[in-house]
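Under numbering that gives the first Met the number 0, the sequence shown has 408 at position 409, and the numbering climbs by one with no breaks.
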Amino acid sequence: MHSFSKKMFVVVSLFLLGALLVACGGTQEAAAPEVVEVTRVVEAEPEVVEVTRIVEGESVVEQVEVTRQVEVVVPAESEITTIEYWQYFFDPRVDAMNRLIQQFEAENPDVRVIHNSDVPYADYRDKVAASAPAGVGPDVATLFYGWVPAWVDAGYLIPLPQDEFPPEMIAEQFSPMVQNSQFEGEYWALPTAVRTLALFWNKDLFTEAGLDPESPPTNLDELAEMAQALTQYDDAGNILIEGFPVGVPGQAHHWFREVLVRQFGGQPYSDDNRTVMYNSPEGCEAFKYMLAFETEYNTGSNDLFEDATQAFLQGKSAMHIDGSFRVGTIAKNAPDLNYGVVELPVGNDVQSTFGSYWTHGITRKAAEDPAVLDASIRFLKFITSPEAGTTWVNKVGELPAQLEAASNEDLLNDPILGAFSAGLPYAHATFFVDESAQRQFIVDAYDSVRLAGADPCEALDEAAALEQELLDEFWANHN
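Structure, rendered in structure tokens:
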């Protein structure tokens with residue numbers, strides 16, 4: 000771009016005049032039913048155009064994003080089908096979905112989508128649980144893929160109609176990890192995007208510590224060494240800058256199960272997902288490795304600076320494990336953060352990462368009204384298209400779930416998103432029967448060691464026993 004160029008956003012209103020045509024015919028008996036139509040103003044897809052301005056006597060070429068407002072003829076309110084879409088509040092996801100809804104309504108003027116995104120993440124499942132039995136709430140809802148079995152058992156979702164969402168199409172066009180949305184032989188939801196975990200590092204803090212800002216750790220030994228070198232303390236021994244805090248309630252419980260356990264020679268679960276195996280001797284060694292950052296090296300804690308995620312956003316943490324969705328958060332809330340992203344460190348020559356996704360399902364409420372069901376199906380198809388996946392990666396940072404969009408060369412070579420894309424071929428997605436409970440078992444085991452001095456292997460055994468009870472109960476009801 001020209002050195003003088005800068006991006007500016009201009010909204011240009013372009014009203015296209017049209018006439019409403021009302022069909023009339025023959026005699027009164029033969030007349031077709033009148034469809035009442037109205038004119039609505041909608042925003043078309045933004046276009047980037049180049050304009051030339053004169054600045055201090057010089058011609059300057061600028062890129063301008065133009066959002067055109069156009070008039071469209073649509074059915075009157077009585078002819079419009081309204082559906083509700085729910086998701087929890089997360090700024091980048093809300094912005095991305097608002098854009099997709101605008102596009103969908105422009106192409107489907109007979110459907111209006113109410114976007115409920117005000118619910119905090121901590122309250123989201125409870126809100127859905129409270130609304131579903133009353134026959135109110137969402138027609139299309141977002142849910143973590145690990146919630147699918149629980150939501151199916153609770154009666155919230157309907158199977159995706161196979162004539163609209165053929166299983167062979169899903170297998171051919173979507174990332175392989177999307178197969179985890181299958182349950183009891185049916186697909187219940189589809190995602191717009193998928194994500195993997197990677198290591199974020201603060202380049203400025205690397206420089207302050209005398210480390211090469213372009214050389215993050217590539218293996219577990221380097222991670223431990225650099226974490227200690229990067230941690231800064233005051234005279235009383237209090238941490239000022241965290242080298243590497245382990246955020247178990249965030250993404251570190253996934254890092255433990257699907258990455259560290261495998262790197263230390265273990266396996267988190269049996270191949271049929273019925274038996275907990277992460278408390279093996281190898282799993283305990285992996286657990287001890289994760290614990291050591293807080294209990295031995297003192298490189299940080301999830302209790303400091305609100306939590307591990309906020310510490311990184313505030314520039315108080317040098318390294319952080321997180322998903323590609325965090326890229327959008329940084330762009331919005333910490334745009335000046337000088338950071339990089341690299342694939343997760345290798346351990347014992349094993350490369351692994353955790354893959355996951357938020358997905359969208361159609362509720363039983365939608366299925367009660369044929370018009371609402373039809374509109375919900377059309378909306379779900381739209382927000383899971385390759386074009387939607389591209390919009391999502393640009394707004395949120397998550398990777399397109401559709402193979403067509405995910406194979407884009409620019410995405411694979413992106414200095415930030417490329418690390419997440421590289422992890423897709425070796426990512427593992429855990430089969431959850433109750434993701435919240437299974438996460439809490441690991442959190443409690445970790446806390447019992449760091450806060451109460453419990454034996455690591457015994458704490459892990461207790462977590463595994465509790466999770467095994469959960470799995471046994473689940474599979475007893477689904478044989």
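Every residue, glycine too, gets a C-beta built ideally from N, C-alpha and C.
Asked, Found
"Pro244 and Ala330 closer than 8 Å at C-beta", "no"
"Inter-stretch contact (C-beta, 8 Å, three-pair minimum) for the segment 332-342 and the segment 409-420", "yes"
"Proximity winner among Thr141, Ala131, Lys287, relative to Gly154 (alpha-carbon distances)", "Ala131"
"Beta-bridge pairing of Gln231 - partner residues as DSSP gives them", "Ile240"
"Spatial neighbours of Val448 in its chain, beta-carbon cut-off 8 Å, leaving aside the 5 residues before and after", "Leu290, Thr294, Asp454, Pro455, Ala458"
"For Leu196, the three-state DSSP class (helix, strand or coil)", "strand"
"Selected residue, minimal CA-CA separation from Gly327, among Gly396, Ile79, Gly134, Glu434", "Gly396"
"Endpoints, alpha helix (DSSP H) assigned at Gln467", "455-475"
"Where Gly111 falls: helix, strand or coil (DSSP)", "Note on residue identity: the sequence assigns Arg, not Gly, to residue 111. The answer is strand: DSSP assigns Arg111 an E or B state."
"Buried or exposed (CB count within 10 angstroms, at least 16 for buried), Ser406", "exposed"
"Reference Gly346; option with closest CA among Phe292, Tyr277, Phe263", "Phe263"
"Contact belief for Glu403 with Phe440 at Cβ below 8 Å, rounded distance in angstroms", "Contact doesn't hold; Cβ gap of about 38 Å is too wide."
"CA nearest to the CA of Leu229, picked from Asp220, Gly209, Trp150, Glu213", "Gly209"
"Buried versus exposed, by CB contacts within 10 Å (16 or more), Ser435", "exposed"
"Where the alpha helix (DSSP H) through Thr294 begins and ends", "280-294"
"In DSSP terms, what Trp85 is bridged to", "Asn115, Ala140"
"Own chain, CB closer than 7 Å to Val247, minus 5 neighbours either side, in chain order", "Asn301, Ile441, Val442, Tyr445"
"Extent of the continuous beta strand (DSSP E) to which Trp357 belongs", "357-361"
"Rounded C-alpha distance that separates Ala170 from Pro424", "15 Å"
"Extent of the continuous alpha helix (DSSP H) to which Val93 belongs", "90-106"
"Coarse secondary structure for Phe205, derived from DSSP in three states", "helix"
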